[in-house]
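Take a look at the structure below.
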Amino acid sequence: MILVMVGALSVHAAVISVDFTGEFPPPVLAPTDVAGVVPAANWNSFAGRSGSPSGVLLDQSGAATTATLSYFANNDVKLTLPGSPTTTEKLFAGYNDSATNGSVGFTVSNIPYAVYDLYVYVTADNPNRRGFVTTSEAGTPDYYYSTASGLPNSFIEITSTGVGYTVGGNYARFQGLTDSSQAVTLSGLSSWSGIAGFQIQESVPEPGRAALLAMAALLGITVRRRRGVV
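Be aware that the sequence shown starts at 1, since it is given in the working numbering, and climbs by one per residue.
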């Protein structure tokens, strides 16, 4: 019975995914492409260095959310894709760029989740491009990176928060956020790095052991009653 209840109580967190395609016409990621540290389909794709799209963002199922987006950059860039690119390479191939010691960023408003994690994807056209990523929510750290060479085909979390740089790091994770709007800024400390995209994943607490046992016991009582055994 417990196994049955675990399946019945399992939950799936919602995810909003955005790909900045740079100079590539969107979408680079097809609706069925699954990409990201949080594997998801139905990426929202936007080209150009700045914009305020009129519609709302979609989640991983293709359903409309309440979230809206605006973004800015000094430049938009595209990197050369191989003949048969992976979805990770597609994600990082286009990006909005900070230019020389500049900044690039985005604001998401009306985020529909009470608690969520934010993943920000960072890339550059050359190695050793340095900078840091920050959010508007109070108490969150700044994450410092130094880019690797070549088009990324794997994910390396940026963990440095002011002492040195995470070499090769290509995504920053901000956990347990609660603000209904987030303004994210990448500040370049050398030239030409930027933001390739981001994901917002709803935080859904796992059912506690006590709740599982209680529900399993309740199910057992219900089954016995249906069989005429009290």
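For glycine and all other residues, C-beta sits at the position ideal for the given N, C-alpha and C. These numbers were taken from a predicted model, which means no experiment stands behind them.
#1: Using the beta-carbon count (16 or more within 10 Å), is S146 buried or exposed?
#2: Looking at N110: is its Cβ nearer than 9 Å to the Cβ of G188?
#3: Going by alpha carbons, who is nearest to G168 out of T123, A148, G162?
#4: Apart from the five residues on each side of it in sequence, which residues of its chain come closer than 6 Å, Cβ to Cβ, to L79?
#5: Taking Cβ to Cβ, would you say Q201 is nearer than 9 Å to L118?
#6: Going by C-alpha to C-alpha distance, which of F72, A13, A63, T161 sits closest to I195?
#7: Of the choices S160, D179, S203, G83, whose alpha-carbon is the least far from that of T135?
#8: With DSSP run on the structure shown, which of helix, strand or coil describes T222?
#9: Return the first residue and the last residue of the beta strand (DSSP E) that L91 is part of.
#10: For my contact list, Y116 and S203 are in at a C-beta cut-off of 8 Å; report their separation, rounded to the angstrom.
#11: Can you tell me where the beta strand (DSSP E) holding E202 begins and where it ends?
#12: If you run the structure through DSSP and keep just helix, strand and coil, what is Q182?
#13: Using only alpha-carbon positions, find the residue among A172, T87, N75 that is nearest to D125.
#14: Report back the beta-carbon spacing between W192 and R129 to the nearest angstrom; my notes put them in contact at under 8 Å.
Looking at the atomic coordinates:
#1: buried
#2: no
#3: A148
#4: A93, L151
#5: yes
#6: F72
#7: D179
#8: Reliability fails at T222, whose pLDDT of 45 lies under 50, so the model's placement of it is uncertain and the value that follows must be treated cautiously. T222 falls in the helix class under three-state DSSP.
#9: No beta strand (DSSP E) holds L91; the alpha helix (DSSP H) holding it covers 87–93.
#10: 6 Å
#11: 193–202
#12: strand
#13: N75
#14: 6 Å
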